[in-house]
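Everything on this sheet refers to the single structure shown next.
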Amino acid sequence: MEKVTLKRIQKEYQGLQENPGLLPNAFVVPNSDNLLEWHFAVYGLDEPYKGGVYHGVVILPENYPKAPPGIKVLTPSGRFTVNYKLCLSISDWHPESWNPSWKIYQIILGLISVMSEDVEFGVGMIMESKEVRRQFAKDSIEYNLRNPMFKKLFEPYFSKLNIPVENGIDAKEKSEEEKHDEAKEVQHNDIVQEFERQHEYAEKKRTLIDYIVPIGCAFVTVSALGFAFYRLVKSK
Numbered sequence: 001m002e003k004v005t006l007k008r009i010q011k012e013y014q015g016l017q018e019n020p021g022l023l024p025n026a027f028v029v030p031n032s033d034n035l036l037e038w039h040f041a042v043y044g045l046d047e048p049y050k051g052g053v054y055h056g057v058v059i060l061p062e063n064y065p066k067a068p069p070g071i072k073v074l075t076p077s078g079r080f081t082v083n084y085k086l087c088l089s090i091s092d093w094h095p096e097s098w099n100p101s102w103k104i105y106q107i108i109l110g111l112i113s114v115m116s117e118d119v120e121f122g123v124g125m126i127m128e129s130k131e132v133r134r135q136f137a138k139d140s141i142e143y144n145l146r147n148p149m150f151k152k153l154f155e156p157y158f159s160k161l162n163i164p165v166e167n168g169i170d171a172k173e174k175s176e177e178e179k180h181d182e183a184k185e186v187q188h189n190d191i192v193q194e195f196e197r198q199h200e201y202a203e204k205k206r207t208l209i210d211y212i213v214p215i216g217c218a219f220v221t222v223s224a225l226g227f228a229f230y231r232l233v234k235s236k
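Using the UniProt record's numbering, count along the sequence shown one by one with no gaps and you end on 236.
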């Protein structure tokens, strides 16, 4: 990814760590295996989504924030087609309306707004009845738990998402909150380490380019001089 992109998403991650209240109804976690994937879990919404937990992903382009991200919702909700890129003014369907100052948390807030109000309609959006949406909300946790990525990223937040935790290794010795705090710390460290690894890679790449470009220019210059000398000798 571009160095500008790396710096931007790291800054956004730090901002969310320092101000979790920016997303009062969602948790957002970058995938440490691919920092361009930011997964989110929306919860605590009113009817007809009450009790539901909705997993989705913001897919950032290599040149974010110059270009807009793709947005998918991976949990059935009755409002969005599952695992389909949504046509929103804040998504990659509409690069002409994208504003580079928009942040990932604002994108998720925008999605929640669209989900809560049956006003906007486009590709990937549906409008099931309230009864169907209530049933999806009821089934959402069981559905999400079948997704290994959801469990991997959001297990540290299970207690706040009202998801029961099965007996673990230290279930008797530690409280649920203690286990979740430890899991969040491990997850945070993994993400920070991946940011550091990406910075090191970007620095090595820049150093390599700084080394190769002058050599390439020198080679072209020498080749041009050699060809000119050859033409001069041949003409005599």
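Every residue, glycine too, gets a C-beta built ideally from N, C-alpha and C.
Sheet register partners of residue i (DSSP bridge)
i, result
"N31", "N34"
"G56", "F40, V73"
"F80", "M125"
"A26", "V42"
Assumed close pair residue i, residue j - CB separation to whole angstroms, cut-off 8 Å
i, j, result
"I108", "S91", "12 Å between Cβ atoms; not a contact."
"M1", "L23", "Contact doesn't hold; Cβ gap of about 23 Å is too wide."
"M125", "L74", "With a Cβ gap of about 15 Å, M125 and L74 do not count as contacting."
"S116", "L45", "7 Å"
Cα-Cα separation between residue i and residue j, rounded to whole angstroms
i, j, result
"R133", "S89", "24 Å"
"D33", "Y143", "23 Å"
"N167", "S101", "Summary for N167: the model assigns pLDDT 35, below 50, so the residue's position carries little reliability, and this model does not support an answer."
"P20", "I59", "21 Å"
"D118", "T81", "14 Å"
"M149", "A41", "12 Å"
"V123", "P95", "15 Å"
"F121", "V114", "9 Å"
"E203", "N147", "36 Å"
"N83", "P48", "21 Å"
"I163", "E196", "32 Å"
"Q10", "K151", "23 Å"
"P65", "W93", "15 Å"
"R79", "Q17", "29 Å"
"N31", "I191", "8 Å"
"K130", "K205", "53 Å"
"V186", "R8", "23 Å"
"Q193", "E128", "42 Å"
8 Å CB neighbourhood of residue i in its chain, flanking five on each side removed
i, result
"A183", "E155, P156"
"E12", "K103, I104, Y105"
"I112", "N25, A26, V42, L45"
"K50", "R134, A137"
Residue i - containing alpha helix (DSSP H), residue span
i, result
"I108", "104-116"
"I141", "130-144"
"Y13", "3-18"
"P148", "148-154"
Heavy atom of the ligand FMN within 7 Å of residue i beta-carbon
i, result
"P24", "The ligand FMN is absent from the structure shown, which contains no ligand whatsoever."
Contact set for residue i: own chain, Cβ-Cβ below 6 Å, skip 5 residues either direction
i, result
"W98", "P68"
"F158", "V165"
"S77", "Y54, F136"
"G15", "none"
"G52", "A137, S140"
"V29", "H39, L153"
"P61", "A67"
"G110", "I90"
Contact set for residue i: own chain, Cβ-Cβ below 7 Å, skip 5 residues either direction
i, result
"H199", "L6"
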